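Protein chains in written order, with our numbering: chain A, 1106 to 1398; chain B, 7 to 579. Each residue gets a CB set at the ideal place from its N, CA and C atoms; glycine is no exception. Keep in mind that this is a model prediction, so the values were computed, not measured. Here the structure is laid out as structure tokens; the discussion comes afterwards.
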């Protein structure tokens, strides 16, 4: 019985078995695609204030505005085409989520694996600091840091990373501690191989499965956290609206029947987060040895 | 009518077929197996892994989970057909009429219930019982399987008992309802040989006393020989040979049975190749890089020495408890002395066997010799130089001592191509250049009897025996002079074990290696080693040339150990 060559090929084979996960992956890919192509496919550049006509403001979905094209999802209080705003907002939300996720991954995994490898007091120190931080809700931490640093993309990413790296560190530490005691790591250490090689080529690759799961979920969380911060007004400035700021913009009109200004960005946000989580769930099921068939 | 019932077989299995439906196709795990068993009879079911012996046992009592199912044939217990019975009916039979004992009692006993509660649940599965009665029956049941102080043991949790005691509890549970048949699936495989001997002896008595029939499933011919009157040898889902134990083991008819027996080191002269005629022709190992001038031995020093080494395992106290200990409020827990002041000298070219049961400290001593653990006190020196550095973070200093681990499924990095795994050590230490690495790996794969084209495969694509060959190639590619082998054949089937033993003997001769060979299997050590050291509770209790220790053991423990090993009946000359 020959099994598939590379672990990644086997992984994909198993992934394909879940239709929901594949559908979610397609949704995520589509959303990333339209976000990347936003400047090409959006009817309007929502950042160019010259495009905004106040007489077009707060029009319902399907309205044909002064630009001569249809606003399929309506317009907001500034007369901005909502579809375009959502596409550009998606771009910013995804960007924030992925960049913050990548930094949090790098910092957290480095700390976690270093702690597990070093052991002793250094391990205890690193992990207690991380535990201490985990005791505070991520949103609180992100709020405080955002409020201190002010608005802007770099400031926001800093806040998100600070709120999230600890989850990666915890997971990486757990996985690396388990791998550290396994025979193949002992074999590598007793060869002896340099510590850097043992960590990079032996411990890290075997810690990746749980980390990938955390990474997927944390990217979704980062997007949600960013939206929350922007909604609360400490995230991104109104000139660069992410999905969160768009929802905040429309919030005051919710009760006057102009539901679309908040609802559509909200739906886009939900769709994105749910899809990423579904992909993450499938990966989690696949790497969970207890569910192995 | 009564006479009829006595003469009729208790269990009659005819043409039993169990299939597993997998993505790769249908696997016939059991393929047309037939046998019968009389009341009170003990039958051994022997085979290597994948032979279908366990699945046969599970099929009899309907414990096959999807994607597998019993596809055909019949299992008649006292004339009643079991195949096709609804799950509820089968459940009524299980535990009452037929019960089962599994290999690992840690897996089958519930860790959060006391022994007494588990026994009560097992009784309640088939009858109503009061709490007091259940307790009385539990105590009686434990006493029956020779558990000392059953009144106390009944309130223990499984983790408070040793492996042998846990297995006795599992047997007590199996016996609760006086079943007519017990199926034991490798019940002593996870146990030390002295515990195995006790359980075997007790099982024999119990079966005779209660008249229970027994199916004893095992990979070990010698254990089966010591308990079963009949034996069936299975291979690839079929019974290839069956008959009275003595006949099958002394006058095997089928080639496979003969091969199984030939693979046993206990039946060959020490040092002889096993499985005469069989085996893969292996290529010669690649040439060594000339030793660097810096590695000249310290004059006068023994080749390899463990000088009064001890290893203490301490549990690191939590911050609060540590403070308490410092203030003298809390007693520190006693440290475990895994190895206690052991000295050992291995001359160049010798193969030293380190034997002992689990917990004897042999693996810990081996790991100190291999430079994996730093000793708590004492030093390990190779050619007069310490194997590990001193200090808070000891590092291994030499590449000339290498290790082969027990479990080839754990000792190979699952995410690294085996070629990369073999090459990385020699590359890191300049034994081979980047340009020559691929050829070097291919040569080593050929030398351990693997196809050189396998270099870019991952460990999961190999069988257990092949993986152990890879692990051997990885250790030897470092061009060591001394190799610590930590139970290298313990997790392998006998025929694979024989191949790996042959490979180790051949490579040892060709490369002039010195070996420290750790094993719980006395026959393997006798076959491979010149000298033997017997470990017991962290100390070496007896040491000497292999022949002398085996034929004329001096220490009590050595005698007990040797007596506990089940022996195969000798072939009538």
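Take the alpha-carbon of residue 548 of chain B and the one of residue 556 of chain B: they are about 11 Å apart. By the beta-carbon neighbour count (other beta carbons within 10 angstroms, threshold 16), residue 538 of chain B is buried. Under DSSP, the beta-bridge partners assigned to residue 522 of chain B are B:358 and B:490. Shown here, residue 163 of chain B sits in coil according to DSSP, grouped into three states, outside any helix or strand. Here the alpha carbons of residue 1171 of chain A and residue 1258 of chain A stand approximately 33 Å from one another. Secondary structure note for residue 318 of chain B: its beta strand (DSSP E) is the uninterrupted segment 310-319. Every beta strand (DSSP E) stretch that sits fully inside the region 363-448 of chain B and reaches 3 residues is listed by chain position as 383-388 and 407-410.
Between residue 1348 of chain A and residue 1329 of chain A, the gap from beta carbon to beta carbon reaches 7 Å or more. Looking at the DSSP output, residue 18 of chain B sits in a beta bridge with B:42 and B:82.
Of all residues in the region 175-206 of chain B, none comes within less than 7 Å of chain A when Cβ atoms are compared. C-alpha of residue 576 of chain B to C-alpha of residue 499 of chain B: approximately 22 Å in a straight line. Residue-level contact check: residue 1291 of chain A touches chain B, since one or more beta carbons of chain B fall below 7 Å from its beta carbon. The beta-carbon of residue 168 of chain B is placed no less than 7 Å from the nearest beta-carbon of chain A. When Cβ pairs closer than 8 Å are counted between the two stretches, the region 179-192 of chain B is seen to touch the region 223-238 of chain B, the count reaching three or more. Within the region 510-537 of chain B, no residue has its Cβ closer than 9 Å to any Cβ of chain A. In the displayed model, residue 1241 of chain A falls within coil according to three-state DSSP, outside both helix and strand. Interface with chain A (7 Å Cβ-Cβ cutoff): residue 42 of chain B is excluded. CA-to-CA, the gap between residue 370 of chain B and residue 313 of chain B works out to about 15 Å. Taking the C-beta atoms as reference points, residue 49 of chain B is found nearer than 7 Å to residue 236 of chain B.
When C-beta distances to chain A are compared with 7 Å, the residues of the region 426-457 of chain B below that value are 430, 431 and 434, in chain order. Residue 49 of chain B carries a strand assignment under DSSP once its states are collapsed to helix, strand and coil.
With a cut-off of 8 Å on Cβ pairs, the region 1202-1216 of chain A is in contact with the region 1256-1270 of chain A, counting three or more such pairs.
Those residues of the region 369-399 of chain B placed with their C-beta closer than 7 Å to a C-beta in chain A are 376, 377 and 378, ordered along the chain. Residue pairing from DSSP places residue 549 of chain B in a beta bridge opposite B:539. Put simply, the CB of residue 1278 of chain A is far from chain B, with every gap to its CB atoms at 7 Å or more. At a C-beta separation below 8 Å, residue 55 of chain B has no neighbours in chain A, since its nearest C-beta there lies roughly 14 Å away. Pairwise C-beta distances place the region 109-124 of chain B in contact with the region 155-166 of chain B, as three or more of them are shorter than 8 Å. Shown here, residue 1118 of chain A sits in a helix according to DSSP, grouped into three states. Exclusion of the five residues before and after residue 232 of chain B leaves 206 and 572 as the residues of its chain whose Cβ lies within less than 7 Å of its Cβ.
Secondary structure of residue 250 of chain B (DSSP, three-state): strand.
Where residue 266 of chain B is concerned, there is no enclosing beta strand (DSSP E), although the alpha helix (DSSP H) around it starts and stops at 261-268. If you ignore the 5 residues before and after residue 178 of chain B, its C-beta comes within less than 6 Å of the C-beta of 147, 148 and 151, all in its own chain and listed in chain order. Shown here, residue 1258 of chain A sits in a helix according to DSSP, grouped into three states.
In this model, residue 455 of chain B and residue 510 of chain B are separated by some 11 Å (Cα to Cα). Chain A places no beta carbon closer than 7 Å to that of residue 127 of chain B, leaving this residue out of the contacts.
For the region 1311-1333 of chain A, the residues whose beta carbon sits under 9 Å from a beta carbon of chain B are, in order, 1311 and 1313.
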